[in-house]
Structures are given as C-alpha cells and as structure tokens.
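Numbering (our numbering), first residue to last: 19 to 580.
All residues carry an ideal CB built from backbone N, CA and C; glycine is no exception.
Since we're looking at a predicted model, the values are computed, not measured.
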Ligand SMILES: C/C(NCc1cnc(C)nc1N)=C(/S)[C@H](O)COP(=O)(O)OP(=O)(O)O
Ligand SMILES: [Mg+2]
C-alpha cells in the first residue's frame, strides 16, 4: 500500500522509542489515529479528557524519556495545552499532535465546528508557539518529513514539548519514506575549546574555595547528567544536597547525600550544611519563588556555578554550547579532593526521621500515616507527591536504593499526579507506582483512575482527605478553601462497572491503614485507593512556616513608580 504522512509520523514516533501514545479521538484526528494504530509497534492509551491525556504523556516521559499525545482541534488541544505548559515547565519532551481543519477550509468562507466560529484558524498554533520549542503545521505532504523530523529533534535535544498540527486530510496523503533515525536523535556535544576553558575556570574557583558543596537541581535529569554529577561528587568528596524538585535524582543512600536543600523545609540538615559551605556547585538548579522560600534561600552569584543542558554559568563567565554532563565529567578530571563539607556533615548529620507507631485504635495522625506510607516504599517503588501538604510529607520520605520520586513543583498543577502516574505506570509496569494525593487535587482529574482499571495497573493511591485545600489555608484562608467531600472509596470502585478489579478502601485508624495497605499490596489486578483520614489542621510544620513566607511574598506591595 501507499506510504503516507500518517505512516511517516507513526514510523518516526516508533523510531524515537515511543511504544504507547495517549489519545482522545475527535473527527479532526480519526484517520491519523488509524495510521498510528496500524503501526505494529505503537498502541494507544485512551484518556477521559485532553488535560489528563497531556499529563499521562508527561508521566510516560518521566519514566520512558519521551511521549506523544494526540488530540482533536481546538476543543481538545486547548485543554491539552495546560498539560503541555506543565511539560515545558518540568523539562519533559512531550509531542503534542493535534488534528486540524481540512486544508481546503483554511482560506475559505467556511465556518467549522469546534472552532470559535470565525475564519481564524491560527489561534491554536499561536498558543502552541508559546508553550513548545517547535510548532509545525503539516499543510503540504511534501513538507511533512522535514517538519516532523525538525519538531521531534527539538523535543529530544531540548527536553521540552513540541507541537505538530495535522490537517484532517493530511494523514492519508502520499509521502516519502523516512531516512535513518540518526538524523533526528544524534546528540549534540560541547564546543571543545569552551568546554576546556569552562572547566579550567571552574576548577580554579573550586581550588580557591574551602568548603564547596554540590547542589542538584530539577534540570539534572533532563540533561542526563546524573552520572557525571556523581563522578564529580566522588572526585571532590564534597557533601551533596538536592533541590526539592530534584529529590530522588541522587540516591539517598549515596555516602555523600546530605538531604533536600529547601530552607526551613529542608531535610537531614541540608540547610545547615548549605550555610556552612562557601561555594555551591550547582547542576540544573531552579530557584523559583517556592523553592527559594520567597527568595530567601540560595547562594550568592559570587559563590555559585551552575549549568543547564547546554550552558554553564560561573561568577563573571557565561559559556554557551557547553553540555552539562560533559562539563561535570570533565571538571571531575580537574579537581582534587575538598571534603570539608563532608567532615562537617559527619558532625551535624541528624538521625533519619522515623516515627514511633501510634495506638492502632486511634484516629490516624499525619505522622502515623506517613510512617506507614514510608513502609510501602521499597527499591522498586516510585512515589508520586501531588501538590499539597504531600509536597512536604513526600520530601521527608526516605528513599531506599532504587526508589524513585516524582513531583511537579514548577508547574504545581493540582490534579497532575493521577493522570501522570497513569502514564508512568504504562511506561514502567514492573515498578510499584504509589501516589500521595490530597482530596482537593484529586477532584480535578480522579476519573483517570478508570484507565488504570482498564489496563489493570496496580497503582496504589493514598488519598489524603483533610477536607479541603490545606496549602491554601496556610498561605491565606477563606471560604473558598473548603470543598464538598466525596466518598472517594466508592468513587474508585465505581470504575469497576462490570469487570474491574479496583479496590476503594477507607482508613480512619492506624489499624485500618495497616489492613488497607496489605490489601493494596496484594491487589495485582488493578489500582487500590485508600482514603485516609487526616485532620485539616494536622499538616506539616514546614507547610505552616513555608505557607506564611509564600503568603508574605505574594502580598508584596507594588514597587513605587520610580
Ligand atoms: C487549590 C490549591 N492550589 C491552587 C491551584 C488551583 N488550580 C490548579 C490547577 N493548581 C493549583 N495549584 C491547592 S495547593 C490545594 O491546597 C490542594 O489541596 P489538596 O490536594 O487537598 O492538598 P492539601 O489539602 O494538602 O493542600
Ligand atoms: Mg486537602
């Protein structure tokens, strides 16, 4: 049969490693979906809506490296864009593919369904250009190979989302066959003279410091630089701390690991060893208003070197086209041991957090809840921490060797965790995916549990029901922070309908939680949701302190007109 644009796109998606793609069908994308389904190595995962579809794709990208979401024009893409903004914020290469009007309609007097009812068919592309690193429209079949390869390559190189718009009459059009996939996936490397000079300057700065410390940031994983970072940590034998949105990127059993560096919300005295240090070697760091506690946490520019995927910043220097992993690896060759922060950390290192078991008959406390969730985390577990007090509870979890942690602190979109964890579990069926999600967040996207039932994904969901938006209460309270309670356990079981194996359980006491966890761990045929009692005021002290800091930062008066 004739090779088409749809075949080209399907083949390229498969060649870059995609096995499952996430979809919501619509009449603008049905023929395209056929071509993706025809491909022997692609199979679709349907989602309830396009926001969840985009979030599922970003979760797939967290586990698998890259992902694709396919939606219909305008009514589909506009909600998918919310998840794509998240993929951009979180440095995840999600390929958003959207159906679009028949090319014959573009310059006509026709008014089309799903649009805002005008002759403007550009608004979707205009938005896409702001939320992706490449946005292309396949308006002529002859251009499709070039445009598709360009978009996919930018996603891979920049670890950011891209957008491909496919008119409804385009997938069926004849198209040339693709060339070698190396044209799309060949990695970039540093400019050699810049790499040498950047590492010389950095080595010199480190030699002049007395107590350097290393700080891993959220872009470390996107840059694929974890190994190089550890090589440098070994060469220096310095303490290693991580930003909250980089938790889990460095093994918490690594001998130099010194905790999450987040000011008053730090773990394991990371803030104290950070204060002791006189020089920060950062990698992929992002000090936004939340992770800097309202701009109060973080090194000064004079005592800080940092690197992004293809860029290095040193006091007084900026090096372009120097790749993070090559920079860190090469720097490791040029530094000598400087372990003052490890010597000091040995003195101040606190004992690991572990709560004494509560009376099993008593109402659950936050500490008892966290003690039992800690017990579920093994080396094969990925713990998802949803926006909410779960951020602070998640930070304090100890990750055994091999355990992974997923969080969305830059975008911070409540409701991200359930659909994202769907995508993650599809990509990593052999891992145990566990979600900590609050009642408020869950209400945005909880229906995506249905796909976990359909695909028999044994995800464990700890639904922390503190009756409302506790983070918001701690930042600034008002009637709007109270929400209608649901029967979350029944909601979970409602997705079984005639054939599901999901379980919805309630746990109000420590004993009930113990039993529910045993049932959840035994349920291999589908997801298990455990609705956990948590008193509204029983939140982490870190949230209380952080909340007031953020509240004050948000409330800053406008600068006087200068
Ligand atoms: C409403 C909002 N943030 C504002 C917000 C509103 N809309 C979107 C999409 N994202 C957001 N972060 C937040 S953090 C709630 O406290 C979350 O409540 P919940 O899931 O129940 O967690 P906690 O009770 O632990 O806070
Ligand atoms: Mg809540």
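I need the boundaries of the alpha helix (DSSP H) containing residue 491, first residue and last residue.
By one-based count along the chain shown, residue 491 stands at place 473. Unbroken alpha helix (DSSP H) run through residue 491: 488 to 493.
Report the residue from 344, 57, 318 whose alpha carbon sits nearest the alpha carbon of residue 330.
Taking the first residue of the chain shown as 1, we reach residue 330 at position 312. Here the closest residue by C-alpha is 344.
What does residue 275 pair with, by DSSP beta-bridge criteria?
Mapped onto the chain shown, residue 275 falls at position 257. Partner(s): 258.
Which residue marks the beginning of the alpha helix (DSSP H) containing residue 435, and which one marks its end?
Residue 435 sits at position 417 when you count from the first residue of the chain shown. 435 to 445 is the span of the alpha helix (DSSP H), which, as asked, contains residue 435.
Unbroken beta strand (DSSP E) runs of length 3 or more, entirely within the stretch 68 to 110: which are they?
With a minimum length of 3 residues, the continuous beta strand (DSSP E) runs that stay inside the stretch 68 to 110 are 85 to 89.
Could you tell me how far apart the beta carbons of residue 301 and residue 234 are, in whole angstroms, since I believe they sit closer than 8 Å?
As a working mapping, residue 301 is identified with position 283 in the chain shown. As a working mapping, residue 234 is identified with position 216 in the chain shown. Indeed, because the Cβ distance is near 6 Å, the residues count as touching under 8 Å.
Can you tell which of 472, 425, 382, 154 has its C-alpha closest to the C-alpha of residue 400?
Here residue 400 refers to the residue found at position 382 of the chain shown. Of the listed residues, the one whose Cα sits closest to residue 400 is 425.
Taking the beta carbon of residue 407 as the centre, do at least 16 other beta carbons fall within 10 Å, making it buried, or is it exposed?
Here residue 407 refers to the residue found at position 389 when the chain shown is read from its first residue. Result: buried.
Is the closest heavy atom of ligand 1 to the C-beta of residue 279 under 7 Å?
To locate residue 279, count along the chain shown from 1; it is residue 261. No, the Cβ of residue 279 stays beyond 7 Å of every heavy atom of ligand 1.
Where residue 328 and residue 22 are concerned, what is the direct C-alpha to C-alpha distance, given to the nearest angstrom?
For this step, residue 328 is matched to residue 310 along the chain shown. For this step, residue 22 is matched to residue 4 along the chain shown. Answer to the nearest angstrom: the Cα atoms are 36 Å apart.
Can you say whether residue 272 is buried or exposed, counting buried as having 16 or more other CB atoms within 10 angstroms of its CB?
One-based indexing of the chain shown puts residue 272 at position 254. Classification of residue 272: exposed, given that the 10 Å Cβ count is below 16.
First and last residue of the alpha helix (DSSP H) that includes residue 64?
Working through the chain shown from its first residue, we reach residue 64 at position 46. Taken as a continuous stretch (DSSP letters only), residue 64 belongs to no alpha helix (DSSP H), being part of the beta strand (DSSP E) at 61 to 64.
Which residue from 286, 282, 281, 280 puts its Cα closest to that of residue 270?
The residue you call residue 270 lines up with position 252 of the chain shown. Residue 270 has its Cα closest to that of 286, out of 286, 282, 281, 280.
In terms of DSSP beta bridges, what is residue 450 paired with?
Taking the chain shown and counting its residues from 1, the one referred to as residue 450 is at position 432. Paired residue(s): 399.
Measure from the alpha carbon of residue 336 to the alpha carbon of each residue in 48, 350, 319, then state which is nearest.
Within the chain shown, numbered from 1, the residue matching residue 336 stands at position 318. Nearest of 48, 350, 319 to residue 336, Cα basis: 319.
Between residue 169 and the rest of its own chain, which residues show a CB-CB distance below 6 Å, the 5 nearest in sequence each way excluded?
The residue labelled residue 169 in the question sits at position 151 within the chain shown. If we look at residue 169 and ignore the five residues flanking it on each side, its Cβ neighbours are 152, 154, 180, 182.
Could you give the residue range of the beta strand (DSSP E) that holds residue 388?
As a first step, residue 388 is located in the chain shown; it is residue number 370 there, counting from the start. No beta strand (DSSP E) contains residue 388, which is instead part of the alpha helix (DSSP H) from 384 to 392.
Could you tell me which residues DSSP puts in a beta bridge with residue 337?
In the chain shown, counting from the first residue as 1, residue 337 sits at position 319. In the DSSP output, where bridge partners are listed per residue, residue 337 has 330.
Just to check, is the beta-carbon of residue 407 closer than 7 Å to a non-hydrogen atom of ligand 1?
By 1-based counting over the chain shown, the position of residue 407 is 389. Because some heavy atom of ligand 1 lies under 7 Å away, the Cβ of residue 407 counts as near it: yes.
From residue 87 to residue 68, what does the alpha carbon distance come to, in whole angstroms?
As a working note, residue 87 is residue 69 in the chain shown. As a working note, residue 68 is residue 50 in the chain shown. So the alpha carbons of these two residues sit roughly 9 Å apart.
In whole angstroms, what is the alpha-carbon distance linking residue 53 and residue 322?
Here residue 53 refers to the residue found at position 35 of the chain shown. Here residue 322 refers to the residue found at position 304 of the chain shown. For residue 53 and residue 322, the distance between alpha carbons rounds to 50 Å.
Straight-line CA distance for residue 255 to residue 361?
Within the chain shown, numbered from 1, the residue matching residue 255 stands at position 237. Within the chain shown, numbered from 1, the residue matching residue 361 stands at position 343. Taking the straight line joining both Cα atoms gives about 10 Å.
Is it true that the CB of residue 184 sits closer than 8 Å to the CB of residue 34?
Here residue 34 refers to the residue found at position 16 when the chain shown is read from its first residue. Here residue 184 refers to the residue found at position 166 when the chain shown is read from its first residue. Against a cut-off of 8 Å, the Cβ pair of residue 184 and residue 34 comes out as no contact.
Taking the C-alpha atoms as reference points, what is the distance between residue 304 and residue 517?
Counting from one through the chain shown, the residue named residue 304 turns up at place 286. Counting from one through the chain shown, the residue named residue 517 turns up at place 499. About 45 Å.
Provide the residue span of the beta strand (DSSP E) that contains residue 39, from first to last.
Position 21 of the chain shown, counted from the start, is the residue given in the question as residue 39. 38 to 41 is the span of the beta strand (DSSP E), which, as asked, contains residue 39.
How far does the alpha helix (DSSP H) with residue 535 in it extend, from its first residue to its last?
Within the chain shown, the letter at position 517 stands for residue 535. Looking at the DSSP string, the run of the alpha helix (DSSP H) that includes residue 535 is 528 to 540.
Contact between the stretch 453 to 462 and the stretch 428 to 438: three or more CB pairs below 8 Å?
Verdict: yes, contact present.
Is the Cβ-Cβ distance between residue 112 and residue 118 less than 8 Å?
Counted from its first residue, the chain shown places residue 112 at position 94. Counted from its first residue, the chain shown places residue 118 at position 100. Contact: no.
Hey, residue 281 and residue 289: beta-carbon distance below 8 Å or not?
Residue 281 sits at position 263 when you count from the first residue of the chain shown. Residue 289 sits at position 271 when you count from the first residue of the chain shown. Going by C-beta atoms, residue 281 is nearer than 8 Å to residue 289.
Tell me whether residue 569 counts as near ligand 1, meaning its Cβ is closer than 7 Å to at least one heavy atom of that ligand.
Within the chain shown, the letter at position 551 stands for residue 569. False, no ligand heavy atom lies under 7 Å from that Cβ.
Hey, which unbroken runs of the beta strand (DSSP E) at 3 residues or more fall wholly within the stretch 166 to 234?
Here the runs fully enclosed are 180 to 185, 230 to 234.
Our contact map puts residue 441 next to residue 160 with C-beta atoms below 8 Å; I'd like the distance itself, whole angstroms only.
Position 423 of the chain shown, counted from the start, is the residue given in the question as residue 441. Position 142 of the chain shown, counted from the start, is the residue given in the question as residue 160. Wrong, their Cβ atoms sit about 34 Å apart, outside the cutoff.
Name the two residues that bound the continuous beta strand (DSSP E) containing residue 506.
Residue mapping note: residue 506 aligns to position 488 of the chain shown, counting from 1. It is not in any beta strand (DSSP E) - residue 506 instead sits in the alpha helix (DSSP H) that spans 506 to 512.
When DSSP labels each residue in this structure, what does residue 23 get in the three-state scheme?
By 1-based counting over the chain shown, the position of residue 23 is 5. The answer is helix: DSSP assigns residue 23 an H, G or I state.
Measuring only from the beta carbon, is residue 487 closer than 7 Å to any heavy atom that is part of ligand 2?
In the chain shown, counting from the first residue as 1, residue 487 sits at position 469. Answer for residue 487: yes, Cβ within range of ligand 2.
Compute the Euclidean distance between the alpha carbons of residue 211 and residue 246, then round it to the nearest angstrom.
For the purposes of this step, residue 211 is taken as the residue at position 193 of the chain shown. For the purposes of this step, residue 246 is taken as the residue at position 228 of the chain shown. One C-alpha to the other measures close to 19 Å.
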